[in-house]
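Trainee: Residue numbering for the sequence shown follows our numbering, starting at 2 and increasing by one per position.
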Amino acid sequence: MNGLNKGMRKVEVALRWDPSPAGQPPVDLDLVAGTYPADDPYGTPAYVVHFDSRSPDGTIYLNRDSKDGKGFGFDEVMMLELERLDARYARVVVGVAIQQHTEDRTFGDVANPGLRIREGYTDLAAEDFGGVPGATAATVAEFVRDETGAWEFRAGVHGFEGDPATFTRVMGAKRRP
Numbered sequence: 002m003n004g005l006n007k008g009m010r011k012v013e014v015a016l017r018w019d020p021s022p023a024g025q026p027p028v029d030l031d032l033v034a035g036t037y038p039a040d041d042p043y044g045t046p047a048y049v050v051h052f053d054s055r056s057p058d059g060t061i062y063l064n065r066d067s068k069d070g071k072g073f074g075f076d077e078v079m080m081l082e083l084e085r086l087d088a089r090y091a092r093v094v095v096g097v098a099i100q101q102h103t104e105d106r107t108f109g110d111v112a113n114p115g116l117r118i119r120e121g122y123t124d125l126a127a128e129d130f131g132g133v134p135g136a137t138a139a140t141v142a143e144f145v146r147d148e149t150g151a152w153e154f155r156a157g158v159h160g161f162e163g164d165p166a167t168f169t170r171v172m173g174a175k176r177r178p
């Protein structure tokens, strides 16, 4: 680790959305994170963190989970303690998936979605998903460990159409230019 550049250390990813109108089924968005090994950073994730789970070493976890968007402020919050993540992992990809309970839902169907990524009190990115209205899921952040061991943040929202289970398997694949 370079003493002058420690990179990202502890990052918060927070997601919010408004509840469905009265009489409509609830909308359930979920934060997910895939962790990729250094020897295959674009392959199958070593593990995926989502609702009801945490990373095996406790470095990635949800501390708030909502199934309907009700409540004040952010509805789902995921913490990534990158500085504690084992050296065998070189990449973490964070995404948002819309649960498809009763009908196909896209970000265009979600009322007032928003995402904030921050380290400490510094906002790294904010997003309203306006660029991916037809998507059912999206990657929202990528954290990559460099040759010194420091983590760097790569912003960008990339939409996906399909079910949440497939999304978690392919969210870390190389994107075509």
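Glycine residues also receive a C-beta, built at the ideal position from the N, C-alpha and C atoms.
Going by DSSP in three states, D124 sits in which element: helix, strand or coil?
Mentor: strand
Trainee: Between which two residues does the alpha helix (DSSP H) harbouring P165 extend?
Mentor: 165-171
Trainee: Please tell me whether V33 and V95 are closer than 9 Å, where the distance is taken between their beta carbons.
Mentor: Between V33 and V95, the C-beta spacing is below 9 Å.
Trainee: So, are the CB atoms of A112 and P20 less than 9 Å apart?
Mentor: yes
Trainee: Can you check which of these residues, L83, D58, T167, is closest to A139 by C-alpha distance?
Mentor: Nearest of L83, D58, T167 to A139, Cα basis: T167.
Trainee: Residues bridged to G35 by DSSP?
Mentor: Paired residue(s): V49, V94.
Trainee: Roughly how many whole angstroms lie between the Cα atoms of A136 and V28?
Mentor: 14 Å
Trainee: May I ask you to verify whether the segment 67-79 touches the segment 119-129, counting CB pairs closer than 8 Å and requiring at least 3?
Mentor: no
Trainee: Here's a check: name, in chain order, each residue in its chain whose Cβ is nearer than 8 Å to the Cβ of E104, leaving out the five neighbours to either side.
Mentor: P26
Trainee: Taking a contact to mean a Cβ-Cβ separation below 9 Å, would you say R106 touches F75 in this structure?
Mentor: no
Trainee: So what's L83 in DSSP terms, helix, strand or just coil?
Mentor: Looking at L83 - three-state DSSP - the assignment turns out to be helix.
Trainee: Could you check the C-alpha separation between R17 and H51 for me, to the nearest Å?
Mentor: 16 Å
Trainee: Please list the terminal residues of the continuous beta strand (DSSP E) segment that includes A139.
Mentor: Residues 138-146.
Trainee: Near V133, which residues of its chain fall below 7 Å by C-beta distance, leaving aside the five closest residues on each side in sequence?
Mentor: Cβ within range, chain order: F108, A139, V158, G160.
Trainee: Specify, as a first and last residue, the run of the beta strand (DSSP E) that N64 falls within.
Mentor: 61-65
Trainee: In terms of residues, what are the limits of the beta strand (DSSP E) holding V14?
Mentor: 11-17
Trainee: Can E82 and G59 be called in contact, C-beta distance under 9 Å?
Mentor: Taking 9 Å as the Cβ cut-off, E82 and G59 qualify as a contacting pair.
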